[in-house]
Amino acid sequence: MRSASDVRSQASFVVLTFAFSWTVWGAGYLLAEGGTRTTLLLMLGGFGPAFGAVVRLRLEGRSVRTWLRGRMRFRVGARWYLVALAVPVAFAAVHTVSVAVRGGPLAPSVLVDRAPTFALAVLVTAFVGGGQEEFGWRGYLLPWLQDDLGPFVASLVLGVVWAVWHLPLYVVPGAYNWGEPFGLYVPVVVGFAVVFTWLFNRVGGALPALILLHAAVNSSGLLVPASRSTLAGVAGTPEYLVQFVAVVAVVLAVLAVDGFDLGLDAGVEGAAGPGASAADAEEREPTRA
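First residue of the sequence shown: 3, per this note's numbering; consecutive thereafter.
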C-alpha cells in the first residue's frame, strides 16, 4: 500500500524535474531565436530528471555516490546491450517498411555512410540527448512506482509523466519535436516506457543498458535507408501511427516473454530483483522523506 511519504517523495521528484526542465526550456522559448543559445538551453533542460533525483537523494539523506555506484554497473551481460540495440533496429525496420509502402524511394547505400554518424549520435545522445534522463526516470522514480503499483501499471504511469514532461519541446521553436502532433506522441512514449521497465528489471536496475537503449532509440532515424528529403516527405501523423504500431509489437513481444511483471523477478544472473549490489538493495527500500 502506498504511504503518504511515498507519494510525497514521488510527487516531489516530479515537481523538481518539471520545474527545472520547463523553466530552462521556457527561457529557450522566450529567446525564440533557434540559434546556439536556444540549443544549449534545450540540452540543459534535459537534465531535469537527473536534477530531481539528486535533490531527492540529498533530502532523503542518501549518498549520491553510493546510489550512482549501484546504478552504473556495466557488467550485466553482453546480450542485454545487444537487446538495447536490437529494439531501435526493429523500430527502424518498421519505419523503413512504412516509407516503402507510402512510395518513398529507399537508398540502402546511405546506411554505409551513416554508420559512423549513428555511432557518434548514440554517443552524444547518451550524454546530452536523452540518455541522461535515465538517472531520474528509471534510476530514481521507477523503483518507487514498481513497489507501489507493480511493473506494468508503474510503466504506464511513468510513461504519461515522461511524455508530458516533453510538452514544451513541441512549442519551443527549434526544438526537435517542434510543431509535431503531441497527442500522437504520448502513446508511443507510454509504450516505450513498458519496454524500458522490462530492460531495467532484466539488467537488475543497472542504467548503462538503459542509457544505450534511450540513445539508440533517439538516433534510430539514421538507420532508415532513405534520404532526408524522403523522410521529411512522409513525416507527420501517419508516421506517429507507424511508430505506435512498432512499439506495440515490441511490447507484445516483451509480455510474451515475461508477462506483466516485466522481468521483475528475473534480473541478471546473480541479482536479487532490481539491483545486484548492496548499494542497489538500498533502492528497494528507500528511506522515506
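In this text, a Cβ means the ideal position worked out from N, Cα and C, and glycines have one as well.
Query raised in the report: Just reading off the alpha helix (DSSP H) that L169 is part of, what are its end residues?
Result: As a working mapping, residue 169 is identified with position 167 in the sequence shown. L169 -> no alpha helix (DSSP H), and no H or E assigned at all.
Query raised in the report: Counting along the chain, where does the alpha helix (DSSP H) carrying Q134 start and finish?
Result: As a working mapping, residue 134 is identified with position 132 in the sequence shown. From DSSP, Q134 is part of no alpha helix (DSSP H); its letter is neither H nor E.
Requested in this report: Say whether the segment 144-156 touches the segment 79-94, bearing in mind that this needs 3 or more beta-carbon pairs closer than 8 Å, one atom from each stretch.
Outcome: no
Requested in this report: Give the straight-line distance between the Cα atoms of V162 and L171, rounded to the nearest whole angstrom.
Outcome: The sequence position of residue 162 within the sequence shown is 160, counting from 1. The sequence position of residue 171 within the sequence shown is 169, counting from 1. The alpha-carbon atoms of V162 and L171 are separated by roughly 15 Å.
Query raised in the report: Cα-Cα, which of V124, A208, S14, L266 is closest to A217?
Result: Residue mapping note: residue 217 aligns to position 215 of the sequence shown, counting from 1. When only C-alpha atoms are compared, the closest one is V124.
Report task. Just the C-alpha distance for W69 and E136, rounded to the nearest angstrom, thanks. Result -> For the purposes of this step, residue 69 is taken as residue 67 along the sequence shown, with counting starting at 1. For the purposes of this step, residue 136 is taken as residue 134 along the sequence shown, with counting starting at 1. Distance between the alpha carbons of W69 and E136: 13 Å.
Query raised in the report: So what does DSSP say about S229, is it helix, strand or coil?
Result: The residue given as residue 229 occupies position 227 in the sequence shown. It is coil, neither helix nor strand.
Query raised in the report: So, helix, strand or coil for W180, using DSSP?
Result: Counting from 1 along the sequence shown, the entry for residue 180 is found at position 178. Here W180 sits in coil by DSSP.
Query - Backbone secondary structure at P153 - three-state DSSP - result: The count along the sequence shown starts at 1 and reaches residue 153 at position 151. Here P153 sits in helix by DSSP.
Query - Span of the alpha helix (DSSP H) around A94 - result: Here residue 94 refers to the residue found at position 92 when the sequence shown is read from its first residue. Segment 80-103, the alpha helix (DSSP H) holding A94.
Requested in this report: Evaluate contact between the segment 97-115 and the segment 210-228, counting only Cβ atoms and requiring at least three cross-stretch pairs below 8 Å.
Outcome: yes
Query raised in the report: What is the rounded straight-line gap between the Cα of A195 and the Cα of L33?
Result: Within the sequence shown, residue 195 is the residue found at index 193, counting from 1. Within the sequence shown, residue 33 is the residue found at index 31, counting from 1. Note on geometry: alpha-carbon atoms of A195 and L33 lie some 32 Å from one another.
Report task. Look at the alpha carbon of G106 and the alpha carbon of V244, and state the distance between them as a whole number of angstroms. Result -> Within the sequence shown, the letter at position 104 stands for residue 106. Within the sequence shown, the letter at position 242 stands for residue 244. C-alpha separation (whole angstroms): 15 Å.
Query raised in the report: Roughly how many angstroms lie between the CA atoms of F15 and L151, to the nearest whole one?
Result: Translated into the one-based positions of the sequence shown, residue 15 becomes position 13. Translated into the one-based positions of the sequence shown, residue 151 becomes position 149. Answer to the nearest angstrom: the Cα atoms are 17 Å apart.
Requested in this report: Entirely within the segment 178-226 and at least 4 residues each: give me those alpha helix (DSSP H) ranges in chain order.
Outcome: 184-204, 210-220
**Report entry** Cβ shell of R116 (< 6 Å), same chain only, five flanking positions each side left out
**Finding:** Mapped onto the sequence shown, residue 116 falls at position 114. Closer than 6 Å at Cβ, skipping near neighbours: L224.
Report task. Would you kindly check if the distance between the Cβ of V173 and the Cβ of Y31 is under 9 Å? Result -> What you label residue 31 is simply residue 29 of the sequence shown in a count that begins at 1. What you label residue 173 is simply residue 171 of the sequence shown in a count that begins at 1. Cβ atoms of Y31 and V173: closer than 9 Å.
Query raised in the report: A21: which of H168, R73, A80 sits nearest, CA to CA?
Result: To locate residue 21, count along the sequence shown from 1; it is residue 19. Among H168, R73, A80, the Cα nearest to that of A21 is on H168.
Query - Backbone CA spacing between E62 and S23 [nearest angstrom] - result: Within the sequence shown, residue 62 is the residue found at index 60, counting from 1. Within the sequence shown, residue 23 is the residue found at index 21, counting from 1. If you draw a straight line from the Cα of E62 to the Cα of S23, it is about 22 Å long.
Query - Under the three-state DSSP convention, the category L108 falls into - result: As a first step, residue 108 is located in the sequence shown; it is residue number 106 there, counting from the start. Of the three classes helix, strand and coil, the one that applies to L108 here is coil, per DSSP.
**Report entry** Pick from A29, S7, L18 that is closest to P175, judged by C-alpha positions
**Finding:** Locating residue 175 in the sequence shown gives position 173, where the first residue counts as 1. The candidate whose alpha carbon is nearest that of P175 is A29.
**Report entry** Pick from A121, R73, N203, V101 that is closest to S221, judged by C-alpha positions
**Finding:** Your numbering for residue 221 matches position 219 in the sequence shown. Here the closest residue by C-alpha is A121.
Query raised in the report: Alpha carbon to alpha carbon, what distance is there between A211 and T357?
Result: For the chain, the structure presents residues 3 to 291; residue 357 sits outside this window and is missing.
**Report entry** Cβ neighbours of V219 in the same chain (closer than 6 Å, five flanking residues each side left out)
**Finding:** By 1-based counting over the sequence shown, the position of residue 219 is 217. Once the five neighbours on either side are set aside, the close Cβ partners of V219 are P90.
Query raised in the report: Taking the C-alpha atoms as reference points, what is the distance between R58 and V253?
Result: Along the sequence shown, read from residue 1 onward, the residue named residue 58 stands at position 56. Along the sequence shown, read from residue 1 onward, the residue named residue 253 stands at position 251. So the alpha carbons of these two residues sit roughly 31 Å apart.
Report task. With DSSP collapsed to three states, give me the class of A280. Result -> Numbered from its first residue, the sequence shown carries residue 280 at position 278. Note that A280 scores a pLDDT of 34, beneath 50, so its modelled location is shaky; the value from the coordinates is reported in the next line. Correct three-state label for A280: helix.
Requested in this report: Identify whether M74 lies in helix, strand or coil by the three-state DSSP scheme.
Outcome: Looking up residue 74 in the sequence shown gives position 72. In the structure shown, M74 sits in coil (DSSP, three-state: anything other than H, G, I, E or B).
**Report entry** Inter-residue spacing [alpha-carbon to alpha-carbon] between V17 and Q134
**Finding:** Taking the sequence shown and counting its residues from 1, one reaches residue 17 at position 15. Taking the sequence shown and counting its residues from 1, one reaches residue 134 at position 132. Taking the straight line from one Cα to the other gives about 18 Å.
Report task. Under 6 Å Cβ to Cβ from A248, same chain only, skipping five residues before and after it: list those, please. Result -> Working through the sequence shown from its first residue, we reach residue 248 at position 246. So the list reads F93, V96, once near-sequence residues are dropped.
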